[in-house]
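Below is one structure, written out as structure tokens; comments come after it.
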Amino acid sequence: MRLTHAPLRIAVGAYILNSGLSKRNLEGEAAAGMHAMAVGALPQLRQFPPDRFAVLLSRAETALGAALLAPFVPSLLAGAGLTAFGAGLVQLYLRTPGMREGTSLRPSQAGIGLAKDVWLVGAGLTLVLDSLTRRRR
330 MRLTHAPLRI AVGAYILNSG LSKRNLEGEA AAGMHAMAVG ALPQLRQFPP DRFAVLLSRA
390 ETALGAALLA PFVPSLLAGA GLTAFGAGLV QLYLRTPGMR EGTSLRPSQA GIGLAKDVWL
450 VGAGLTLVLD SLTRRRR
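Per the working numbering, the sequence shown starts with residue 330, numbered consecutively.
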């Protein structure tokens with residue numbers, strides 16, 4: 330990990346790691362609600378029961394957060410994972426009814442929480458692009 334990547338990776342990694350750890354014991358209605366929202370955007374997730382989905386999401390977020398924090402994980406790899414994760418959240422925002430004002434990209438009051446996740450895509454792409462351009466020099 331390059332020193333210039335450390336602030337970004339630490340801030341985002343700690344945030345995502347905390348999010349993953351907070352979902353470890355998600356069950357019942359909370360797991361079902363999260364699962365229903367995810368299925369609305371990605372119907373193929375219907376194959377997972379809500380409790381199993383919550384466990385998998387928790388583990389994925391925990392692993393991504395840890396990868397971002399671990400200095401031995403290349404920024405290219407950590408950035409690619411972050412970009413994919415962020416893109417999934419943006420897809421959730423774009424496909425969930427009521428998250429946007431009409432047909433525009435502007436978030437509704439309910440969509441602000443998800444719309445802000447676009448910063449994860451930007452952070453991930455920054456790590457990827459910086460890693461790729463540094464290799465060419």
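Quick reminder that beta carbons are idealized off the backbone N, C-alpha and C, glycines included. Since we're looking at a predicted model, the values are computed, not measured.
query, result
"Buried or exposed for Ala-359, please, with buried defined as at least 16 other CB atoms from any protein chain shown within 10 angstroms of its CB.", "exposed"
"Is it true that the CB of Gly-453 sits closer than 8 Å to the CB of Gly-415?", "yes"
"For Ser-441, does the count of other Cβ atoms within 10 angstroms reach 16, so buried, or fall short, so exposed?", "First, the amino acid is wrong: residue 441 is Ile here, not Ser. Label assigned to Ile-441: exposed."
"Taking C-alpha atoms, which residue in Leu-449, Asp-459, Arg-463 lies nearest to Val-341?", "Leu-449"
"Measuring alpha carbon to alpha carbon, tell me which of Leu-434, Ala-361, Ala-409 ends up nearest Thr-455.", "Ala-409"
"Using the three-state DSSP reduction, which class does Arg-463 fall into: helix, strand or coil?", "helix"
"For Arg-275 and Leu-397, which I take to be in contact (beta-carbon distance under 8 Å), what is that distance rounded to the nearest angstrom?", "Residue coverage of the chain in this structure runs from 330 to 466, which leaves residue 275 outside it and unanswerable."
"In terms of residue numbering, what span does the alpha helix (DSSP H) encompassing Pro-379 cover?", "379 to 398"
"With DSSP as the reference, label Arg-424 as helix, strand or coil.", "helix"
"Using the C-alpha atoms, what's the distance from Leu-385 back to Ala-343?", "19 Å"
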